[in-house]
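Asker: If you read the protein sequences in the order shown, they are chains A and B. Counting along the first sequence from 1, when you hit position 155 you're at 155 in my numbering, and nothing is skipped either side. Counting along the second sequence from 1, when you hit position 82 you're at 82 in my numbering, and nothing is skipped either side. I have a structure here, written as structure tokens, and I will follow up with some questions on it.
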Amino acid sequence: MRTITKTLVSVIAAASLLVLAACSSDSSTDSGGGSGGQHTGGTLHLTAQSAGGTLDPQVNYTLQYWQLYQGTYDGLLTYARVGGKKSEDIVPDLATAMPKVSADGKTYTFQLRKGITFSNGKAVTTADVVASFQRLFKVSSPNAGSWYNVIVGADACLKTPASCTLNGGVVADASTNTITFNLTQADPEFEAQLAMPFASVLPAGTKAKDEGTTPIPTTGPYYFASYSPNKALVMKRNTHFKSWSAEAAPVGYPNEIDETFGLTAEAEVTAIENGQADWMYDTPPSDRLSEISSKYASQTHVTPLTALWYLALNTNIAPFNNEKARQAINWAIDRSAVVKLYGGTSLASPACTILPPDFPGHADFCDYTKNGGNTWTAADVDKAKQLIQQSGTAGQSVGVVVQNDSVNKGIGLYLVSLLNQLGYKATLKALSNNIQYNYIQNTGNHVQMSLTQWYQDYPAASDFLRVLLSCASFHPNSDSSINIAGYCNTGLDAQMAKADDEGLTDPTAADAAWGEIDKAYMGESPLVPLFNPKLIDFTSNRVSNYQFSDQYYMLVDQLWLK
Amino acid sequence: MAEVTVAIATSERGTPRSRRSAGPWRVAFTQIAHNPVAVGSAIALVIIIAVCLAAPLYAQFIAHTDPFQSNINGTTVIDGHSVAVLQQQTQGLGLGVEPIGPTWNISNYFLGADSQGRDVFARLLYGGRTTLLIGFSSALICCALGALVGIIAGYFGGPVDWVLSRLMDIIWAFPVYLLAISLSVVLLTGGLKIGPIVIGPSNLLLPILIIALIYVPYVARPIRGQVLSLKNREFVKAAIGLGASDWRILRREILRNVLPTVIVFIPLMMALNMLTESALSFLSIGVQPPNASWGTIINDGLDLLYTRPAVAIAPGIMLVITAVALNLLGDAVRDALDPKAKLRGAA
């Protein structure tokens with residue numbers, strides 16, 4: 001999920017979950033529901049510089065609202081809404097249990113829970129599930145073509161979304177309350193993709209268009225009461241909600257949650273310090289970090305993310321159509337300097353690989369560090385200069401395109417300084433955050449080097465390697481070409497397909513294969529991994545029971561308010 | 001004034017004798033020289049300009065630093081101890097990195113470092129060169145263009161006046177900063193290409209031309225008004241009557257009389273243009289990094305306001321001093337070259 005600025009860590013599930021677990025029995029069918037006991041109540045005030053766009057869960061692709069969807073929308077499956085490593089487990093949500101998968105991996109059968117209602121009082125039925133998947137294509141959900149295209153009938157839906165039926169692809173049987181997904185091919189990540197907010201189950205009557213600021217009825221503990229992108233988003237308790245699973249649908253604690261928009265990050269920090277807000281979505285500005293980490297240490301939560309900040313080198317135009325020039329950049333980049341520009345060693349770790357540490361498929365190696373080893377220790381500028389001389393690209397112009405916020409621009413300035421030192425003639429172009437990401441994807445803009453980030457959608461190696469580097473992700477002259485380096489290696493594509501197949505039968509072997517693929521890509525150097533970031537959550541002093549899910553980040557509705 | 005004034009002087013012994021009086025320029029200069037505010041402003045400006053011009057010497061021989069090169073992992077020596085230029089926080093959770101603050105040692109990070117580990121004082125001097133260059137160049141271009149448009153429009157009148165005046169109206173119709181921002185955003189993305197002339201996005205000519213252009217109406221309008229008035233004066237009518245060509249009248253009668261007004265405009269426009277340049281650079285659409293101007297340094301300091309305010313405050317102070325000095329000097333020049341304006345002000 002690229003637009004996100006946060007991800008993973010492990011904070012151990014706290015006492016609240018034990019309380020919840022105690023009052024809501026096991027994870028399959030019990031009622032749970034009820035109140036959260038003594039910690040229930042109050043209004044949680046969140047704040048963000050700006051709104052996160054459409055409220056439609058099948059369209060929105062931002063962490064800002066994905067974090068809120070955890071307490072509002074449900075799909076057949078979900079990632080466990082708990083803190084710590086368990087949050088990486090996929091658990092049944094609206095389904096009574098994990099699906100029955102056919103031997104060939106092409107059929108998934110779910111049993112839908114009974115007795116669940118939307119916030120408008122209507123019961124959730126199998127028809128709602130089918131309609132939701134049809135709608136996913138009708139509203140051209142961002143990943144409809146890349147995640148859900150394995151469903152039978154998806155090709156027709158992608159061609160003519162308005163008449164999408166997914167005939168034979170999603171089959172409901174109201175008499176047995178089952179839903180069956182038929183796939184064109186086995187997909188080891190299908191369950192993960194069903195656990196994403198795009199696959200939320202919505203009322204069948206929901207309009208087949210991006211609902212924008214109009215809230216759609218929810219199944220979770222809260223519903224969206226109002227949304228004004230220039231002012232605030234208000235979530236209220238869903239009176240029809242009864243928890244059916246402590247892991248998938250725990251009861252929320254605050255009675256109401258609101259998120260106000262418009263403050264600067266500086267003002268957000270001050271508001272939290274003064275108790276006027278309880279949490280800020282945005283990262284605290286760099287000049288407030290020492291203040292919050294010393295004066296407000298108990299209210300500051302730092303967690304590592306499965307994310308990567310990297311440089312994309314355009315492999316189709318000079319000078320980085322030359323492999324040695326690309327490798328030179330990998331040798332020359334001082335990762336420790338870039339980490340400092342991000343906020344220091346407490347907020348980021350130098351990266352050598354495309355797959356983040358502790359991520360499925362990650363292998364420990366570091367091809368571009370002085371004196372060798374598995375971790376990055378120092379840059380080798382002399383070697384880089386040597387490679388640049390060999391490549392014959394010295395003296396060429398290089399344009400670096402970054403976002404215009406202070407961290408990105410700071411790294412951009414460092415890159416320009418380094419490139420000039422290496423013998424290139426570098427210039428910096430800092431573009432608005434809204435524009436830069438699409439701009440650098442379009443080959444028509446002839447961007448040579450760009451700074452960007454990738455945050456996981458779900459824990460799978462392909463979510464990094466295939467998305468960022470496969471031939472299928474490269475679309476020349478398109479604003480939507482996530483393979484920004486424009487690198488296409490059919491041999492490595494074939495290896496990824498093979499690793500996918502292995503994942504169905506032997507996940508350990510598949511992980512090893514993904515590690516090898518990562519190493520092979522690093523040898524070609526279409527990307528320059530810079531660092532793996534950490535996330536800061538700054539909360540007010542009336543907030544407790546902070547939990548961090550690797551998938552959903554801070555569990556907003558599990559916070560207790562004094 | 002174009003006319004020569006002759007004064008009659010009387011010798012000590014009462015024998016009248018004639019001599020040429022001091023010319024208007026000399027009178028004006030003498031008047032400015034006796035104005036302590038103007039002299040103080042001029043001295044301040046001279047010092048600022050001289051110090052800024054010496055920036056490369058300071059960087060190379062005193063501070064031994066390259067103000068355009070990032071120095072993120074660099075170290076320096078303070079009180080005999082080697083310290084990192086950018087220091088990792090150690091208190092509490094240890095979040096964040098802070099550049100070193102002012103050392104008040106002229107040869108070593110006098111005003112501290114910015115977030116790239118660069119010497120702020122050295123950048124301040126280099127930034128001053130850029131800001132002063134842009135302010136002065138754009139003021140000259142602006143006044144020259146404004147005078148040209150105003151004189152042609154006012155003297156020839158009719159359709160020429162109508163076209164030029166409407167053109168000025170169109171430029172003036174836009175809020176000046178909005179126009180500057182729009183032009184900057186467009187031109188700084190791809191540069192300017194007019195036939196064989198190509199100006200790159202990082203070229204300082206772009207902000208100079210943009211700023212000069214947006215303020216042309218501010219100069220052209222009053223000049224046009226003055227020319228309309230001059231056209232009806234006796235000496236111009238006499239020249240016309242004597243069969244002087246338009247070119248000669250424009251050069252000898254009109255231009256000479258509007259020149260003091262143009263000169264008065266130069267320091268005032270320079271101050272205004274410097275502020276505009278700083279505003280554009282602050283918004284990242286003026287001088288492009290790694291070049292420095294006072295506006296870009298203020299922008300660099302924005303994220304250090306809580307911890308290292310000197311980075312933003314120092315260029316701000318320099319801007320204020322320079323702009324105030326230019327305005328005071330401009331007022332003095334105006335009073336000296338156009339005594340009527342002073343009388344009008346007193347009335």
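C-beta: ideal position from N, C-alpha, C; glycine also. These numbers were taken from a predicted model, which means no experiment stands behind them.
Closer than 8 angstroms, Cβ to any Cβ of chain B: which residues of the region 521 to 549 of chain A, in chain order?
Answerer: Cβ contacts with chain B: 536.
Asker: Excluding five sequence neighbours on each side, which residues of the same chain lie with their C-beta closer than 7 angstroms to the C-beta of residue 366 of chain A?
Answerer: On the first sequence, position 366 is the one that residue 366 of chain A refers to. Taken in chain order, the residues that qualify are 352, 373, 374, 375, 376.
Asker: Give, in chain order, every residue of the region 207 to 221 of chain B whose Cβ lies closer than 9 angstroms to some Cβ of chain A.
Answerer: Of all residues in the region 207 to 221 of chain B, none has a Cβ within less than 9 angstroms of some Cβ in chain A.
Asker: Indicate the three-state DSSP secondary structure (helix, strand or coil) for residue 437 of chain A in the structure shown.
Answerer: On the first sequence, residue 437 of chain A is found 437 positions in, with the first residue counted as 1. Of the three classes helix, strand and coil, the one that applies to residue 437 of chain A here is helix, per DSSP.
Asker: Can you list, in chain order, the residues of the region 71 to 82 of chain B whose Cβ is nearer than 7 angstroms to any Cβ on chain C?
Answerer: Of the chains in the structure shown, none is chain C; the protein chains are A and B.
Asker: Under the three-state reduction of DSSP, which class applies to residue 548 of chain A: helix, strand or coil?
Answerer: Position 548 of the first sequence, counting from 1, holds the residue named residue 548 of chain A. The answer is strand: DSSP assigns residue 548 of chain A an E or B state.
Asker: Run through chain B and tell me which residues come within less than 7 angstroms of residue 288 of chain A, C-beta to C-beta.
Answerer: Numbered from 1 along the first sequence, position 288 holds the residue referred to as residue 288 of chain A. Those within 7 angstroms of residue 288 of chain A in chain B are 306.
Asker: Alpha carbon to alpha carbon, what distance is there between residue 518 of chain A and residue 534 of chain A?
Answerer: One-based indexing of the first sequence puts residue 534 of chain A at position 534. One-based indexing of the first sequence puts residue 518 of chain A at position 518. Taking the straight line from one Cα to the other gives about 22 angstroms.
Asker: What first and last residue would you give for the alpha helix (DSSP H) that runs through residue 270 of chain A?
Answerer: For this step, residue 270 of chain A is matched to residue 270 along the first sequence. First-last of the alpha helix (DSSP H) with residue 270 of chain A: 265 to 273.
Asker: Between which two residues does the beta strand (DSSP E) carrying residue 399 of chain A extend?
Answerer: The residue given as residue 399 of chain A occupies position 399 in the first sequence. 397 to 403 is the extent of the beta strand (DSSP E) around residue 399 of chain A.
Asker: Could you tell me which chain A residues have their CB closer than 7 angstroms to the CB of residue 93 of chain B, listed as they occur along the chain?
Answerer: Position 93 of the second sequence, counting from 1, holds the residue named residue 93 of chain B. Neighbours of residue 93 of chain B on chain A, chain order: 293, 297, 300, 302, 346.
Asker: For the 8 angstroms Cβ check, are there 3 or more pairs between the region 200 to 208 of chain B and the region 245 to 264 of chain B?
Answerer: With the cut-off at 8 angstroms, the region 200 to 208 of chain B and the region 245 to 264 of chain B do not touch.
Asker: Report yes or no: do the region 115 to 129 of chain B and the region 309 to 317 of chain A share at least 3 C-beta pairs separated by less than 8 angstroms?
Answerer: Short answer: they don't touch.
Asker: Please confirm whether residue 193 of chain A and residue 356 of chain A have their CB atoms less than 9 angstroms apart.
Answerer: To locate residue 193 of chain A, count along the first sequence from 1; it is residue 193. To locate residue 356 of chain A, count along the first sequence from 1; it is residue 356. It is not a contact, given that the beta carbons lie outside the stated cut-off.
Asker: What residues in its chain sit with their C-beta under 6 angstroms from that of residue 332 of chain B, if we drop five residues either side in the sequence?
Answerer: Your numbering for residue 332 of chain B matches position 332 in the second sequence. Cβ neighbours of residue 332 of chain B beyond the five flanking positions: 32, 35, 38.
Asker: Report the rounded CA-to-CA distance for residue 61 of chain A versus residue 143 of chain A, giving the unit in angstroms.
Answerer: Numbered from 1 along the first sequence, position 61 holds the residue referred to as residue 61 of chain A. Numbered from 1 along the first sequence, position 143 holds the residue referred to as residue 143 of chain A. Each residue's Cα considered, the two are about 9 angstroms apart.
Asker: Let me make sure I understand the geometry here. Which of B/295, B/334, B/57 has the alpha-carbon closest to that of residue 317 of chain B?
Answerer: Within the second sequence, the letter at position 317 stands for residue 317 of chain B. Nearest of B/295, B/334, B/57 to residue 317 of chain B, Cα basis: B/295.
Asker: Using a Cβ cut-off of 7 angstroms, which residues of the region 419 to 445 of chain A contact any Cβ in chain B, in chain order?
Answerer: Within the region 419 to 445 of chain A, the qualifying residues are 427, 428, 430.
Asker: Quick one: list the residues of chain A neighbouring residue 97 of chain B, beta-carbon separation under 7 angstroms, in chain order.
Answerer: In the second sequence, residue 97 of chain B corresponds to position 97, counting from 1. Per Cβ cutoff of 7 angstroms: 340, 343, 344.
Asker: Which runs of the alpha helix (DSSP H), 4 residues or longer, sit entirely within the region 112 to 184 of chain A?
Answerer: Complete alpha helix (DSSP H) runs here, min 4: 126 to 138, 154 to 159.
Asker: Could you have a look at residue 88 of chain A and say whether DSSP puts it in helix, strand or coil?
Answerer: Mapped onto the first sequence, residue 88 of chain A falls at position 88. Three-state result, residue 88 of chain A: helix.
Asker: Taking Cβ-Cβ distances shorter than 9 angstroms, what residues in chain A pair up with residue 202 of chain B?
Answerer: Translated into positions along the second sequence, residue 202 of chain B becomes position 202. Within chain A, the residues near residue 202 of chain B are 427, 428.
Asker: Could you tell me if residue 167 of chain A is buried or exposed, where buried requires 16 or more neighbouring beta carbons within 10 angstroms of its beta carbon?
Answerer: The residue labelled residue 167 of chain A in the question sits at position 167 within the first sequence. The residue in question, residue 167 of chain A, is exposed, as its Cβ has fewer than 16 Cβ neighbours within 10 Å.
Asker: Which bits of chain B does residue 314 of chain A rub up against, with CB to CB less than 9 angstroms?
Answerer: Taking the first sequence and counting its residues from 1, the one referred to as residue 314 of chain A is at position 314. Ordered by position in chain B, no residue passes the 9 angstroms Cβ test against residue 314 of chain A, which lies about 18 angstroms from the chain.
Asker: Taking 9 angstroms as the cut-off, decide whether the C-beta atoms of residue 230 of chain A and residue 51 of chain A are in contact.
Answerer: Against the first sequence, residue 230 of chain A aligns to sequence position 230. Against the first sequence, residue 51 of chain A aligns to sequence position 51. Yes, the pair counts as a contact, with Cβ atoms nearer than the cut-off.
Asker: Since residue 29 of chain B is in the alpha helix (DSSP H), which residue starts that stretch and which ends it?
Answerer: For this step, residue 29 of chain B is matched to residue 29 along the second sequence. 24 to 33 is the extent of the alpha helix (DSSP H) around residue 29 of chain B.
Asker: Taking 9 angstroms as the cut-off, decide whether the C-beta atoms of residue 132 of chain A and residue 204 of chain A are in contact.
Answerer: Within the first sequence, the letter at position 132 stands for residue 132 of chain A. Within the first sequence, the letter at position 204 stands for residue 204 of chain A. Their beta carbons are under 9 angstroms apart, which means residue 132 of chain A touches residue 204 of chain A by this criterion.
Asker: Verify whether the separation of the beta carbon atoms of residue 211 of chain A and residue 68 of chain A is less than 9 angstroms.
Answerer: If you number the first sequence from 1, residue 211 of chain A lands on position 211. If you number the first sequence from 1, residue 68 of chain A lands on position 68. No.
Asker: May I ask you to verify whether the region 44 to 51 of chain B touches the region 94 to 103 of chain B, counting CB pairs closer than 8 angstroms and requiring at least 3?
Answerer: Because the criterion of three Cβ pairs below 8 angstroms is not met, the region 44 to 51 of chain B and the region 94 to 103 of chain B do not touch.
Asker: Check residue 172 of chain B in the structure and name its three-state DSSP category.
Answerer: One-based indexing of the second sequence puts residue 172 of chain B at position 172. Here residue 172 of chain B sits in helix by DSSP.
Asker: Measure the Cβ-Cβ separation of residue 339 of chain A and residue 348 of chain A and say whether it is below 9 angstroms.
Answerer: For this step, residue 339 of chain A is matched to residue 339 along the first sequence. For this step, residue 348 of chain A is matched to residue 348 along the first sequence. Yes, the pair counts as a contact, with Cβ atoms nearer than the cut-off.
Asker: Considering only DSSP beta bridges, list what residue 235 of chain A is partnered with.
Answerer: Taking the first sequence and counting its residues from 1, one reaches residue 235 of chain A at position 235. Answer is A/224, A/257.
Asker: Can you pull the DSSP bridge partners for residue 79 of chain A?
Answerer: Taking the first residue of the first sequence as position 1, residue 79 of chain A is located at position 79. In the DSSP output, where bridge partners are listed per residue, residue 79 of chain A has A/90.
Asker: Could you list the residues in the region 111 to 124 of chain B with a C-beta less than 7 angstroms from some C-beta on chain A, going in chain order?
Answerer: Within the region 111 to 124 of chain B, the residues whose Cβ lies closer than 7 angstroms to some Cβ of chain A are 115, 116, listed in chain order.
Asker: List, in chain order, every chain B residue whose beta-carbon is nearer than 7 angstroms to that of residue 401 of chain A.
Answerer: Reading the first sequence from its first residue, position 401 is the one you call residue 401 of chain A. Correct list: empty, because the minimum Cβ distance to chain B is about 11 angstroms.
Asker: Hey, is residue 246 of chain B's beta-carbon within less than 9 angstroms of any beta-carbon in chain A?
Answerer: In the second sequence, counting from the first residue as 1, residue 246 of chain B sits at position 246. It does not: the Cβ of residue 246 of chain B has no partner Cβ on chain A nearer than 9 angstroms.
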